[in-house]
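Colleague:
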Amino acid sequence: MTIEAITVLGSEMRVMDSQSTGRKYQITISLPLGYGKAPNESWPFNDTPALWPVVYVLDGNWYGGMVTGIIRPMAWCGSTTDAIVVGIGYPEDDNVIESFRESFLRRDHDLTPVRDEAQEKSMTEGFKRPVPNGDGANFLKFIKDELVPLVERDYRADPAKRILVGHSYGGLFGLFSLFEAPDLFNTLIIGSPTLSYGNRFTFEREEAFAKENKKLAATIYLYVGEYEEDIKDTTMTDTLRMAAILQGRKYEGLSLVKHVFLDQNHCEVATPGFQWGLKYALKK
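The sequence shown finishes on residue 339 if you use this note's numbering, and the numbering steps up by one all the way, no holes.
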């Protein structure tokens, strides 16, 4: 019996050296199963488009394969389209524990919009190594100026159907990208955003954005779990507050759906949140 590492069907991996951040990223790209079909092939690969939606997944090491596994079977039933899935993660090696730790620490740097010294101190003490944060602007520049152009150059990607998926810090970054680069993504699936981060900086950023903009052409699916609320955790309250603010602005072009999943905590809710969000984003 031979033992080999598994791969995701129809997928490939690249390592990108970012000029924007000075760091390396592991980019996994899963193509729709009908991507390379012959003209006479039939179900489930009939009526395939010339260009495909692209789903960009933050924390790609954790969620890239899961998102691919959600999208493909949904598309078989015909109510949603398949898509190119781009997982944005960090290089891994055979040291499983250290690879996981590294991805966990790197996301603190990339997915946070401003520096939070208290969070930085807490993480540094907990992991016994420096854990910087607040480099979201450069990470956004990497996605906008390096990753998206590469995907749209090398694959049959539809620039009018860019979807961003992020949970927790990924959700926080999703909102940051919405206000900093509102034309970059057409649809954002924003899960359990850590809006308490940076003394609730994101609420200030939205307020500044609203003073200068009446238009926000985006489709947003915003979700949170019922159990993300206690004496210390205000994720549910903050998420619903952000939804109310965005809806209350009456931005031209904004479509927003909010969803509270019952009997779900912060770690559990990513799975149903992604599934419902992708169904909403990829519906025909």
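Even for Gly, the Cβ is constructed at its ideal location relative to N, Cα and C.
Predicted, not measured: the structure shown is a model, and the values here were computed from it.
1) Relative to the C-alpha of residue 277, which candidate in 251, 143 and 247 has its C-alpha closest?
2) Following the continuous beta strand (DSSP E) through residue 276, name the residue where it begins and the one where it ends.
3) Report the three-state DSSP secondary structure of residue 170 (helix, strand or coil).
4) Below 8 Å on the Cβ atoms is my guess for residue 256 versus residue 76; work out the distance and round it to an integer in Å.
5) Assuming residue 206 is part of the alpha helix (DSSP H), what are its boundary residues?
6) If you follow the beta strand (DSSP E) that residue 79 is part of, which residue opens it and which one closes it?
7) Are the beta-carbon atoms belonging to residue 217 and residue 265 less than 8 Å from one another?
8) On the DSSP letters alone, give me the boundaries of the beta strand (DSSP E) that residue 143 sits inside.
9) With which residues is residue 216 paired in a DSSP beta bridge?
10) Do residue 141 and residue 84 have their CB atoms nearer than 8 Å?
11) Give me whichever residues DSSP pairs with residue 72 in a beta bridge.
12) State buried or exposed for residue 297, treating a residue as buried only when at least 16 other CB atoms are found within 10 Å of its CB.
13) Does the count of Cβ pairs from the region 301-319 and the region 208-228 closer than 8 Å reach three?
14) Consult DSSP for residue 246 and reduce its assignment to one of helix, strand or coil.
15) To the nearest angstrom, how far is it from the Cα of residue 269 to the Cα of residue 59?
16) Tell me the rounded alpha-carbon separation between residue 283 and residue 292.
17) Can you check which of these residues, 339, 185, 261 and 238, is closest to residue 159 by C-alpha distance?
18) Spell out the partners DSSP gives residue 283 in its beta bridges.
19) Any idea if residue 131 is buried or exposed, counting beta-carbon neighbours within 10 angstroms, 16 or more meaning buried?
20) Spatial neighbours of residue 330 within its chain, please: C-beta separation below 6 Å, excluding the five flanking residues on both sides.
21) Write down the C-beta distance between residue 71 and residue 201 rounded to the nearest angstrom, noting that I regard them as a contact closer than 8 Å.
22) Locate the alpha helix (DSSP H) running through residue 327, then write down its first and last residues.
23) For residue 81, count neighbouring C-beta atoms within 10 Å of its own C-beta (all shown protein chains included) and say buried if the count is 16 or more, exposed if not.
24) Could you give the DSSP three-state label for residue 59: helix, strand or coil?
25) Give me the Cβ distance between residue 333 and residue 306, rounded to the nearest whole Å; I'm assuming they're in contact under 8 Å.
26) DSSP three-state label for residue 164, please.
27) Can you give me the Cβ contacts of residue 157 inside the same chain, cut-off strictly under 7 Å, excluding the 5 residues immediately before and after it?
28) Check residue 147 in the structure and name its three-state DSSP category.
29) What does DSSP give as the partner residue(s) for residue 158 in the beta ladder?
Modeller: Well, looking at it:
1) Of the listed residues, the one whose Cα sits closest to residue 277 is 247.
2) For residue 276, the uninterrupted beta strand (DSSP E) segment begins and ends at 270-280.
3) Three-state result, residue 170: coil.
4) Contact doesn't hold; Cβ gap of about 20 Å is too wide.
5) 203-209 is the span of the alpha helix (DSSP H), which, as asked, contains residue 206.
6) Run containing residue 79: 79-85, per the beta strand (DSSP E) assignment.
7) Cβ distance not < 8 Å, so residue 217 and residue 265 don't count as in contact.
8) Where residue 143 is concerned, the enclosing beta strand (DSSP E) stretches over 139-144.
9) Among the bridge pairs identified by DSSP, residue 216 is matched with none.
10) Contact flag set, yes.
11) According to DSSP, residue 72 bridges with 79.
12) Buried.
13) No, the region 301-319 is not in contact with the region 208-228.
14) Residue 246 sits in a strand when the DSSP states are folded into three classes.
15) Looking at the two C-alpha atoms, the distance is approximately 54 Å.
16) Take the alpha-carbon of residue 283 and the one of residue 292: they are about 9 Å apart.
17) Of the listed residues, the one whose Cα sits closest to residue 159 is 185.
18) The partner list for residue 283 (beta bridge, DSSP) is empty, contrary to what the question assumes.
19) Of the other Cβ atoms in all chains shown, fewer than 16 fall within 10 Å of the Cβ of residue 131; this residue is therefore exposed.
20) For residue 330, where only same-chain residues beyond five positions count, the Cβ hits under 6 Å are 125.
21) That pair is a contact at about 7 Å.
22) 325-336 is the span of the alpha helix (DSSP H), which, as asked, contains residue 327.
23) Answer is buried; the Cβ neighbour count reaches 16.
24) Three-state DSSP puts residue 59 in coil, outside helix and strand.
25) About 23 Å; that fails the 8 Å criterion.
26) Look at residue 164 here: in three-state DSSP terms it is helix.
27) The beta carbon of residue 157 sits closer than 7 Å to the beta carbons of 145 from its chain, once the five residues preceding and following it are set aside; these are given in chain order.
28) Of the three classes helix, strand and coil, the one that applies to residue 147 here is coil, per DSSP.
29) According to DSSP, which records beta bridges pairwise, residue 158 is partnered with nothing at all.
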